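Participant:
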Amino acid sequence: MLQTAQDFLSFIFNFDLLQEYGWRLVAGLKITFEVVTISVLIGFVLSYFVCSARMSRNVILSGAAVAYSTFFRGTPLLCQLYLVYYGAGEIRPFLTDVGLWWFFRDAYYCCIFTFSLNTAAYQSEILRGALSSVPKGQIEAGASLGLSTYRIARHIVWPQAFLIALRPLGNELISMIKASALAAIVTLLDLMGQTRFIFARTFDFSVYLYAAVIYLAIVELIRRVWGRIDKAFSRHVIAAAR
Amino acid sequence: MREKMLLTVVALALAAGISPASAKEWKTVRFGMDASYAPFESVDTKGDIIGFEVDYGKALCEKMKVTCTFQNQDWDGIIPSLLAGKFDVIFSSMNITAERKKKVIFSDMYYATPIGFAAQASNKSNDFSPEALKGKSIGTQSSTIHANYLEKYYKNSDVKLYPTQDEPNLDLASGRLDYVLGDLLVEEDFINNKGNGCCRIVGEIKRDPEIHGPGVGAAFRPDDTDLRDMFNKAIAETDANGTYDKIQGKYFKKSIRGK
Chain A
1 MLQTAQDFLS
11 FIFNFDLLQE
21 YGWRLVAGLK
31 ITFEVVTISV
41 LIGFVLSYFV
51 CSARMSRNVI
61 LSGAAVAYST
71 FFRGTPLLCQ
81 LYLVYYGAGE
91 IRPFLTDVGL
101 WWFFRDAYYC
111 CIFTFSLNTA
121 AYQSEILRGA
131 LSSVPKGQIE
141 AGASLGLSTY
151 RIARHIVWPQ
161 AFLIALRPLG
171 NELISMIKAS
181 ALAAIVTLLD
191 LMGQTRFIFA
201 RTFDFSVYLY
211 AAVIYLAIVE
221 LIRRVWGRID
231 KAFSRHVIAA
241 AR
Chain B
243 MREKMLLTVV
253 ALALAAGISP
263 ASAKEWKTVR
273 FGMDASYAPF
283 ESVDTKGDII
293 GFEVDYGKAL
303 CEKMKVTCTF
313 QNQDWDGIIP
323 SLLAGKFDVI
333 FSSMNITAER
343 KKKVIFSDMY
353 YATPIGFAAQ
363 ASNKSNDFSP
373 EALKGKSIGT
383 QSSTIHANYL
393 EKYYKNSDVK
403 LYPTQDEPNL
413 DLASGRLDYV
423 LGDLLVEEDF
433 INNKGNGCCR
443 IVGEIKRDPE
453 IHGPGVGAAF
463 RPDDTDLRDM
473 FNKAIAETDA
483 NGTYDKIQGK
493 YFKKSIRGK
């Protein structure tokens with residue numbers, strides 16, 4: 001019994017493994033951090049345009065936006081990643097002609113490209129939901145006071161919509177962090193990629209445990225920070241409710 | 243009722259745990275292979291696993307008088323799956339290495355093939371020394387002797403690791419990779435079939451005994467020494483009666499038996 005307990009402990013705290021391969025986990029974490037941050041930021045900018053297109057009265061624009069977000073929200077991210085990564089390989093001559101092959105050649109850019117498009121679809125839906133939850137009456141009231149469209153958007157609609165969108169945007173960031181582990185499948189050495197690498201060398205399952213703990217810690221950290229941000233921005237709402 | 247069921251489950255688990263492995267009479271042997279490695283093992287259009295190792299495995303089973311089943315298993319998880327009892331033997335071009343011997347036991351070597359680099363057909367250089375390949379991207383399958391070899395000797399190249407050998411081959415064809423390291427028979431098979439002449443063999447590497455070991459063997463759980471002995475006996479028999487030569491003749495022009 002003692003034997004098994006000892007085995008179990010040395011499985012959980014495998015210092016030899018951490019000493020030899022710990023730096024790989026740190027290097028992987030850096031790549032994960034980069035890919036997620038860049039993708040989510042690009043996705044955020046894109047989502048504004050997708051959302052505007054979606055809410056526009058132009059049928060073609062809004063139709064295209066609906067098709068876009070339906071596709072990216074309705075298909076597995078892994079499938080999208082394969083489409084971009086191996087699809088680009090298939091049409092290499094064309095990509096070389098238009099001077100884009102250097103971009104699609106690199107797994108790193110392929111991941112950022114796919115993840116950005118994917119998260120933009122989700123973020124645009126979050127924005128749309130938030131914008132449409134601001135009562136129409138407020139916009140009309142603003143107009144009746146003679147405020148310009150810009151001022152109505154800047155001072156009435158966006159501050160409220162932003163507050164509503166904040167929570168779901170945080171959730172989207174968290175789900176992107178977890179989804180980014182797929183990058184390992186197309187050779188990127190992110191946190192998951194390095195984990196797989198170490199496992200391949202050692203056949204030691206505890207490395208997956210470490211990866212899980214690291215992901216969990218990041219997600220929990222973001223959840224808490226996001227909670228603080230949310231609280232700070234919604235002070236007036238809380239105060240009003242008292 | 244609940245407690246009773248629980249008790250039964252525990253009792254069954256105990257019974258399964260304490261029965262000594264050696265007492266097992268082998269009637270069926272389940273083979274695990276990563277079928278992305280033509281011509282050794284691949285999946286045909288009907289979804290069946292085919293290839294040299296399937297034919298050879300069947301011949302061994304005939305000698306051992308057991309029924310065989312073949313199942314497909316992802317390479318990265320192939321040793322853990324064996325240890326977890328999902329199948330009884332890894333028969334999947336697994337090279338006998340010291341690292342793997344810590345987890346599994348191996349049969350005698352049953353084939354050894356040349357290992358080398360492939361590059362795009364347009365690449366005319368035959369120099370594949372670490373200096374020549376500095377900064378170049380080289381792809382291979384992860385958890386393989388090839389991955390270990392690249393890690394040891396090609397530190398200054400951009401080494402990319404893939405879940406299967408099919409994927410680096412595809413990336414070599416598309417030009418994403420400059421080189422692929424692999425079993426030359428597999429690379430030749432890819433170039434002549436799926437690759438459609440995209441690429442060419444650059445050359446064969448010298449085996450590093452520390453990394454490559456003596457060649458390919460069947461891997462078993464450490465307890466199943468009886469099964470390993472059965473395999474060793476059958477391997478020797480198929481060598482002696484010419485069955486091995488007959489099967490390899492179906493797939494290869496040159497002998498892969500090795501020494």
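Chains as they are written, first to last, in our numbering: chain A, 1 to 242; chain B, 243 to 501. No residue lacks a Cβ here, since even glycine has one placed at the ideal position from N, Cα and C. Note that the structure is a prediction, hence the values are computed from the model and not measured.
Let me confirm a value: Val237 of chain A is counted as buried when at least 16 other C-beta atoms fall within 10 Å, else exposed. Which label applies?
Facilitator: With fewer than 16 other Cβ atoms within 10 Å, it is exposed.
Participant: Using beta-carbon positions only, say whether Ile164 of chain A and Ala143 of chain A come within less than 8 Å of one another.
Facilitator: No.
Participant: Based on the DSSP output, what are the partners of Ile357 of chain B in its beta bridges?
Facilitator: Ile357 of chain B is bridged to B:Asp425.
Participant: By DSSP, does Asp369 of chain B sit in helix, in strand, or in coil?
Facilitator: Coil.
Participant: Suppose contacts are defined by Cβ-Cβ distances below 8 Å. Is Gly89 of chain A in contact with Asp413 of chain B by that definition?
Facilitator: Yes, the Cβ-Cβ distance between Gly89 of chain A and Asp413 of chain B is below 8 Å.
Participant: Below 8 Å on C-beta distance, what does Arg105 of chain A contact in chain B?
Facilitator: Neighbours of Arg105 of chain A on chain B, chain order: Gly417, Arg418.
Participant: Taking Phe273 of chain B as part of the beta strand (DSSP E), name the residues at either end of that continuous run.
Facilitator: Start and end: 270-275.
Participant: Please classify Lys307 of chain B as buried or exposed, where buried requires at least 16 other C-beta atoms within 10 Å of its C-beta.
Facilitator: Counting Cβ neighbours within 10 Å, Lys307 of chain B comes out exposed, since fewer than 16 surround it.
Participant: Taking 8 Å as the CB-CB limit, is Ile387 of chain B close to chain A?
Facilitator: So no, Ile387 of chain B is outside the interface.
Participant: Let me know the secondary structure DSSP gives Gln315 of chain B once reduced to three states.
Facilitator: Coil.
Participant: In this structure, what does DSSP give as the bridge partners for Ile164 of chain A?
Facilitator: In the DSSP output, where bridge partners are listed per residue, Ile164 of chain A has none listed.
Participant: DSSP puts Ser278 of chain B in a beta bridge; with which residues?
Facilitator: Its beta-bridge partners are B:Ser284.
Participant: Three-state secondary structure (DSSP) at Asn435 of chain B?
Facilitator: If DSSP states are grouped into helix, strand and coil, Asn435 of chain B belongs with coil.
Participant: I'd like the span of the alpha helix (DSSP H) that includes Arg154 of chain A, first residue to last.
Facilitator: Taken as a continuous stretch (DSSP letters only), Arg154 of chain A belongs to no alpha helix (DSSP H), as it is neither H nor E.
Participant: Who are the Cβ neighbours of Gly500 of chain B in its own chain at under 7 Å, not counting the five residues just before and after it?
Facilitator: Met351, Tyr353, Ala354, Gly457.
Participant: Would Ala460 of chain B and Leu324 of chain B qualify as a contact pair, given that the criterion is a beta-carbon distance under 8 Å?
Facilitator: Taking 8 Å as the Cβ cut-off, Ala460 of chain B and Leu324 of chain B do not qualify as a contacting pair.
Participant: Tell me whether the segment 178-192 of chain A and the segment 74-86 of chain A touch, counting them as touching only if at least three CB pairs, one residue from each stretch, are closer than 8 Å.
Facilitator: Because the criterion of three Cβ pairs below 8 Å is met, the segment 178-192 of chain A and the segment 74-86 of chain A touch.
Participant: Rounded to whole angstroms, what is the Cα-Cα separation between Tyr261 of chain A and Ile174 of chain A?
Facilitator: No answer is possible for residue 261 of chain A: it lies beyond the span of chain A, which begins at 1 and ends at 242.
Participant: Taking only three categories from DSSP, how would you classify Cys111 of chain A?
Facilitator: Cys111 of chain A falls in the helix class under three-state DSSP.
Participant: Rounding to the nearest angstrom, what Cα-Cα distance links Arg224 of chain A and Asp97 of chain A in this structure?
Facilitator: Computed Cα separation, rounded: 48 Å.
Participant: Taking the straight line between their C-alpha atoms, what separation do you get for Thr287 of chain B and Pro410 of chain B?
Facilitator: One C-alpha to the other measures close to 22 Å.
Participant: Could you give the distance in angstroms between the alpha-carbon of Ile218 of chain A and the alpha-carbon of Trp226 of chain A?
Facilitator: Near 12 Å, if we compare the C-alpha coordinates of Trp226 of chain A and Ile218 of chain A.
Participant: Less than 8 Å between CB atoms is the rule here; does Met321 of chain B satisfy it with respect to chain A?
Facilitator: For the record, residue 321 of chain B in the displayed sequence is Ile; it is not Met. It does; some Cβ of chain A falls within 8 Å.
Participant: In the DSSP assignment, find the beta strand (DSSP E) that holds Glu446 of chain B and state where it starts and stops.
Facilitator: Counting along the chain, the beta strand (DSSP E) containing Glu446 of chain B begins and ends at 441-446.
Participant: So, helix, strand or coil for Lys501 of chain B, using DSSP?
Facilitator: Looking at Lys501 of chain B - three-state DSSP - the assignment turns out to be coil, as it is neither helix nor strand.
Participant: Would you check if the distance between the CB atom of Leu127 of chain A and the CB atom of Cys51 of chain A is smaller than 8 Å?
Facilitator: Yes. Within cutoff.
Participant: Mind listing the chain B neighbours of Ala240 of chain A? Cutoff is C-beta to C-beta under 9 Å, in chain order.
Facilitator: The contacting residues do not exist; Ala240 of chain A stays about 52 Å from chain B at best.
Participant: Among the residues of its own chain, which have a CB less than 7 Å from the CB of Ala53 of chain A, if the five just before and after it don't count?
Facilitator: The residues are Leu61, Ser62, Ala64, Ala65.
Participant: For chain A, is any of its Cβ atoms less than 8 Å away from the one on Ser264 of chain B?
Facilitator: Because the pLDDT of Ser264 of chain B is 47, which lies under 50, any placement of that residue in the model is unreliable, and the number read from its coordinates should be weighed accordingly. So no, Ser264 of chain B is outside the interface.
Participant: Classify Arg57 of chain A: buried if its beta carbon has 16 or more other beta carbons within 10 angstroms, exposed otherwise.
Facilitator: Exposed, because fewer than 16 other Cβ atoms sit within 10 Å of the Cβ of Arg57 of chain A.
Participant: Per DSSP, which one or two residues make a beta bridge with Cys310 of chain B?
Facilitator: DSSP lists B:Val271 as partners of Cys310 of chain B.
Participant: Starting from Tyr421 of chain B, find everything on chain A with Cβ-Cβ shorter than 8 Å and list it in chain order.
Facilitator: Those do not exist, as Tyr421 of chain B stays about 14 Å from chain A at its closest Cβ, beyond 8 Å.
Participant: Contact check, Ile380 of chain B vs Asp420 of chain B under 8 Å by CB: the rounded distance?
Facilitator: With a Cβ gap of about 7 Å, Ile380 of chain B and Asp420 of chain B count as contacting.
Participant: In angstroms with no decimal places, state the Cα-to-Cα distance between Ser264 of chain B and Tyr122 of chain A.
Facilitator: Residue placement at Ser264 of chain B is poorly supported in this model, since its pLDDT is 47, which falls under 50; the coordinates still yield a value, given next. Computed Cα separation, rounded: 56 Å.
Participant: Determine which residues share a DSSP beta bridge with Phe348 of chain B and list them.
Facilitator: Phe348 of chain B is bridged to B:Ala461.
Participant: Closest by CA to Gly137 of chain A, which one among A:Ile156, A:Arg24, A:Leu46?
Facilitator: Gly137 of chain A has its Cα closest to that of A:Ile156, out of A:Ile156, A:Arg24, A:Leu46.
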